[in-house]
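A.B. asks: Using full-length UniProt numbering, count along the sequence shown one by one with no gaps and you end on 514. Beta carbons: idealized from backbone N, C-alpha and C, even for Gly. In this text, all values refer to a predicted model and were calculated from it rather than measured experimentally.
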Amino acid sequence: MAVGWRPGRDARAEWHPPAPATRRADEGRHRVVVVGGGIAGLAAATGLAERGVRVTLLESTPRLGGRVAAWPVDVGGEEQAMSRGFHAFFRQYYNLRGLLRRTDPELARLRPVEDYPLRLKGGPVDSFTHIPLTPPWSIIGFVLRSPSFRLRDLAAVDVERALALLDVDFPSTFSDFDGVSAAEVLDRLRFPEQARHLALEVFARSFFADPRDFSGGELVAMFHTYFLGSAEGLLFDVPVDDFDTALWRPLAGHLASLGADVRLGEPVLDLREQADGVRVVTGEGAYDADAVVLATDRAPLQRLVGEAAWLAADAPAWRERLAGLRSAPSFAVWRRWLDRAPASSAAPFLGTSGYGPLDNLSFFEQLEDGAAAWARRTGGSVVEMHAYAVPAGTSEVQLRDQLWRETLALHPELADAGVVHEEWLVREDCPLAGTDAWATRPGVRTPDRRIVLAGDGIRCDLPVALMERAATTGLLAADALLADWDVAGHGVWSAPTSARHAVVPPLRRLLARA
């Protein structure tokens, strides 16, 4: 890393160095099995393999990427890509973007999305274009330009509580909001009703959670990371093509070049304790390792730990806490290949509020090269609808009807469009960032130093979330094992972990004007 190098434009981005070590490389002394080929597993495997550890990565599905995987589907006789939907690669995702730089140093396989509009049904449309990036001007500029924040509405805001949100200090701020939901945070602030939709739809819904169940500490962390504490702004990039083509296949090649053994379609059945390590058992065989990185979704993690009675046997409280973690409610992804295009003004991505179950709408021909080529050949479009926190027992027929009705409310020009192909997914495998006590959530380290955890549902001291938490904990898991073996780790970056105190005076003046 060059002296003075920064991962983005924010001069206050924080570098968290690895533990001191006397060895630069492991030189093959240790073997690690990484369970899970999502972002967290890929980050951990990369961090270890780059330091000369012998790595075997086991992924239960035929594709890398986990919940950000892509796979082929047949659309009218030709191959197109399907995934679980749109993902925004924010500029604050320093560690995820650093992982991608391994095969794409200039991040040429990411392209910027010029705007991130948010539409409230019967209300205003908010935009993040032309908003200054550096606090305090970012939040002041947004409030002054946003139709959702009217000065007369801000007069009702609890000024002292609002300013207290600026004085963050992570990780203690996470614990400060134990037992408090995101909805309660905004209730206490007396947040304007229209602005509540904006705040909750941007953040709580991106965690697939109902705002009444979503952690208030996570909400505050997101306010800090995107508005109040970072100079990267709230705009983002997307891959130029489907995730497998643009991101994971090249990274698999990088791992292979380092000697890592990447095995797809091989689920792990059991973890067994050995005198000198751990045996990882699959349907294809067994792998002996000095250590294991568990980088799976929450339910498989709970199953593996629950069935490995030897793991943390002397720490029953830890096992109980892990077993008690919940997943977020189910969500639906509906992608339709249509025989006509939307209006030229259609946004590539639109966040929505008040449109029934429709949480956002994407047109993939404006996002991915493969979809764009298909649309040019056919004159059609590829539209995708998302519904988050779907109530249990919801009728699929009714949900589809509502999603399409609300899509046509936004794009009536598609009313007579023919459907060439469609894919419908309902999943319930995202971790819930709930209101439980933050410090009791399992972190990267476990009571057994041979086992480390990684993933977006794993506790991390830094203000990171979603894909970035997955990448960050993956690197931290690798660094934890490397530190035990006196091998240099990689370290991680984050947005500032404490407040930009220069933000407070101008915001106090703004609220005083209301």
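Would Ser-345 and Phe-363 be called neighbours here (beta carbons separated by less than 8 Å)?
C.D. replies: Here the question's residue 345 lines up with position 345 in the sequence shown. Here the question's residue 363 lines up with position 363 in the sequence shown. Not closer than 8 Å, so no.
A.B. asks: Determine the extent of the beta strand (DSSP E) in which Tyr-287 is found, giving its start and end residues.
C.D. replies: Taking the first residue of the sequence shown as 1, we reach residue 287 at position 287. Per DSSP, Tyr-287 belongs to the beta strand (DSSP E) from 286 to 289.
A.B. asks: Taking C-beta to C-beta, are Trp-438 and Ser-127 nearer than 8 Å?
C.D. replies: Residue numbering aside, residue 438 sits at position 438 when the sequence shown is read from its first letter. Residue numbering aside, residue 127 sits at position 127 when the sequence shown is read from its first letter. It is not a contact, given that the beta carbons lie outside the stated cut-off.
A.B. asks: Name the residue from Trp-485, Ala-182, Phe-227 whose alpha carbon lies nearest to the alpha carbon of Leu-432.
C.D. replies: Translated into positions along the sequence shown, residue 432 becomes position 432. Out of Trp-485, Ala-182, Phe-227, Ala-182 has the C-alpha closest to the C-alpha of Leu-432.
A.B. asks: From what residue to what residue does the alpha helix (DSSP H) around Asp-410 run?
C.D. replies: Position 410 of the sequence shown, counted from the first residue, corresponds to residue 410. Here residue 410 is Leu; the residue named in the question, Asp, does not match the sequence. Start and end: 396 to 410.
A.B. asks: Using 8 Å as the cut-off, can you tell me whether the region 103 to 111 makes contact with the region 236 to 244, which would need three or more C-beta pairs spanning the two stretches below that distance?
C.D. replies: Short answer: they touch.
A.B. asks: Just the Cα atoms here: how many angstroms apart are Asp-369 and Arg-23?
C.D. replies: Residue mapping note: residue 369 aligns to position 369 of the sequence shown, counting from 1. Residue mapping note: residue 23 aligns to position 23 of the sequence shown, counting from 1. So the two alpha carbons sit approximately 44 Å from each other.
A.B. asks: Considering only residues of the same chain and omitting the five flanking positions on each side of Trp-310, which have a CB-CB separation below 7 Å?
C.D. replies: What you label residue 310 is simply residue 310 of the sequence shown in a count that begins at 1. These residues qualify, in order along the chain: Glu-273.
A.B. asks: With 16 other CB atoms within 10 Å as the buried threshold, where does Gly-179 fall?
C.D. replies: Locating residue 179 in the sequence shown gives position 179, counting from the first residue. Answer is exposed; the Cβ neighbour count stays below 16.
A.B. asks: So what does DSSP say about Ala-387, is it helix, strand or coil?
C.D. replies: By 1-based counting over the sequence shown, the position of residue 387 is 387. In the structure shown, Ala-387 sits in a strand (DSSP, three-state: E or B).
A.B. asks: Pull up the CB-CB distance for Val-113 and Phe-349, whole angstroms please, since I reckon it's below 8 Å.
C.D. replies: Start at 1 with the first residue of the sequence shown, and residue 113 comes out as number 113. Start at 1 with the first residue of the sequence shown, and residue 349 comes out as number 349. With a Cβ gap of about 6 Å, Val-113 and Phe-349 count as contacting.
A.B. asks: Assuming Arg-12 contacts Pro-496 under a Cβ cut-off of 8 Å, what Cβ separation, rounded to an integer in Å, is found between them?
C.D. replies: The residue you call residue 12 lines up with position 12 of the sequence shown. The residue you call residue 496 lines up with position 496 of the sequence shown. Indeed they touch by this definition, with Cβ atoms about 5 Å apart.
A.B. asks: Taking 7 Å as the cut-off, is the C-beta of Val-75 nearer than that to any heavy atom in the ligand NAD?
C.D. replies: In the structure shown, the ligand NAD is absent, as is every other ligand, since no ligand is present at all.
A.B. asks: Are three or more beta carbon pairs between the region 33 to 51 and the region 293 to 301 nearer than 8 Å?
C.D. replies: Short answer: they touch.
A.B. asks: Between the C-alpha atoms of Asp-270 and Glu-396, what's the straight-line distance to the nearest angstrom?
C.D. replies: In the sequence shown, residue 270 corresponds to position 270, counting from 1. In the sequence shown, residue 396 corresponds to position 396, counting from 1. Using only the alpha carbons, I get a separation of about 35 Å.
A.B. asks: Please report how far the alpha carbon of Ala-315 lies from the alpha carbon of Pro-447, in whole angstroms.
C.D. replies: Numbered from its first residue, the sequence shown carries residue 315 at position 315. Numbered from its first residue, the sequence shown carries residue 447 at position 447. So the two alpha carbons sit approximately 7 Å from each other.
A.B. asks: According to DSSP, which residues form a beta bridge with Gln-274?
C.D. replies: As a working note, residue 274 is residue 274 in the sequence shown. DSSP lists Gly-277 as partners of Gln-274.
A.B. asks: Is DSSP giving Glu-14 helix, strand or coil here?
C.D. replies: Mapped onto the sequence shown, residue 14 falls at position 14. Here Glu-14 sits in strand by DSSP.
A.B. asks: On the three-state DSSP scale, how would you describe Gln-80?
C.D. replies: Taking the sequence shown and counting its residues from 1, the one referred to as residue 80 is at position 80. Strand, per DSSP.
A.B. asks: Quick one: give me the first and last residue of the beta strand (DSSP E) that Asp-416 is part of.
C.D. replies: Reading the sequence shown from its first residue, position 416 is the one you call residue 416. Neither: Asp-416 is in no beta strand (DSSP E) and is coded neither H nor E.
A.B. asks: Along the beta strand (DSSP E) that carries Phe-236, what are the first and last residues, could you check?
C.D. replies: For the purposes of this step, residue 236 is identified with residue 236 of the sequence shown, where counting begins at 1. That run of the beta strand (DSSP E) goes 236 to 239.
A.B. asks: Spatial neighbours of Arg-31 within its chain, please: C-beta separation below 6 Å, excluding the five flanking residues on both sides.
C.D. replies: To locate residue 31, count along the sequence shown from 1; it is residue 31. Excluding positions up to five away in sequence, the list reads Arg-54, Ala-289, Asp-290.
A.B. asks: Specify, as a first and last residue, the run of the beta strand (DSSP E) that Gly-351 falls within.
C.D. replies: Taking the first residue of the sequence shown as 1, we reach residue 351 at position 351. Gly-351 -> beta strand (DSSP E) spans 349 to 353.
A.B. asks: Cα separation between Thr-245 and Trp-374?
C.D. replies: Locating residue 245 in the sequence shown gives position 245, counting from the first residue. Locating residue 374 in the sequence shown gives position 374, counting from the first residue. Spanning the two alpha carbons is a distance of roughly 16 Å.
A.B. asks: Looking at C-beta atoms only, is the number of pairs between the region 95 to 107 and the region 71 to 81 that lie closer than 8 Å three or more?
C.D. replies: The region 95 to 107, when compared against the region 71 to 81, does not touch it at the 8 Å Cβ threshold.
A.B. asks: Please classify Leu-301: does DSSP put it in a helix, a strand, or coil?
C.D. replies: Residue numbering aside, residue 301 sits at position 301 when the sequence shown is read from its first letter. Here Leu-301 sits in helix by DSSP.
A.B. asks: Note the first and the last residue of the continuous beta strand (DSSP E) segment covering Trp-493.
C.D. replies: Against the sequence shown, residue 493 aligns to sequence position 493. From DSSP, the beta strand (DSSP E) with Trp-493 extends over 492 to 494.
A.B. asks: According to the neighbour-count rule (16 or more other Cβ atoms, all chains shown, within 10 Å of its Cβ), is Ala-323 buried or exposed?
C.D. replies: Your numbering for residue 323 matches position 323 in the sequence shown. So Ala-323 ends up on the exposed side.
A.B. asks: Could you check which residue in His-16, Leu-466, Leu-57 has the C-alpha nearest to that of Val-281?
C.D. replies: For the purposes of this step, residue 281 is taken as residue 281 along the sequence shown, with counting starting at 1. The residue with the shortest Cα to Cα distance from Val-281 is Leu-57.
A.B. asks: Within its chain, find whatever has a CB closer than 6 Å to the CB of Tyr-116; leave out the 5 residues flanking it on each side and keep chain order.
C.D. replies: Taking the first residue of the sequence shown as 1, we reach residue 116 at position 116. Closer than 6 Å at the Cβ level, and outside the excluded window around Tyr-116, lie Phe-128.
A.B. asks: Classify Trp-337 as buried or exposed, calling it buried when 16 or more other Cβ atoms lie within 10 Å of its own Cβ.
C.D. replies: Within the sequence shown, residue 337 is the residue found at index 337, counting from 1. That one is buried.
A.B. asks: Which stretch, first to last residue, makes up the beta strand (DSSP E) that contains Ile-451?
C.D. replies: For the purposes of this step, residue 451 is taken as the residue at position 451 of the sequence shown. Start and end: 451 to 453.
A.B. asks: Let me know the secondary structure DSSP gives Pro-431 once reduced to three states.
C.D. replies: Taking the sequence shown and counting its residues from 1, the one referred to as residue 431 is at position 431. Strand, per DSSP.
A.B. asks: Drop a sphere of 10 angstroms on the beta-carbon of Arg-212, count the other beta-carbons inside from all chains shown, and report buried for 16 or more, exposed for fewer.
C.D. replies: Position 212 of the sequence shown, counting from 1, holds the residue named residue 212. Exposed, by the Cβ-count rule.
A.B. asks: Please classify Gln-398 as buried or exposed, where buried requires at least 16 neighbouring CB atoms within 10 angstroms.
C.D. replies: In the sequence shown, residue 398 corresponds to position 398, counting from 1. By the 10 Å Cβ count, Gln-398 comes out exposed.
A.B. asks: In whole angstroms, what separates the C-alpha of Thr-46 from that of Leu-255?
C.D. replies: Stepping through the sequence shown from its first residue, residue 46 is reached at position 46. Stepping through the sequence shown from its first residue, residue 255 is reached at position 255. C-alpha separation (whole angstroms): 6 Å.
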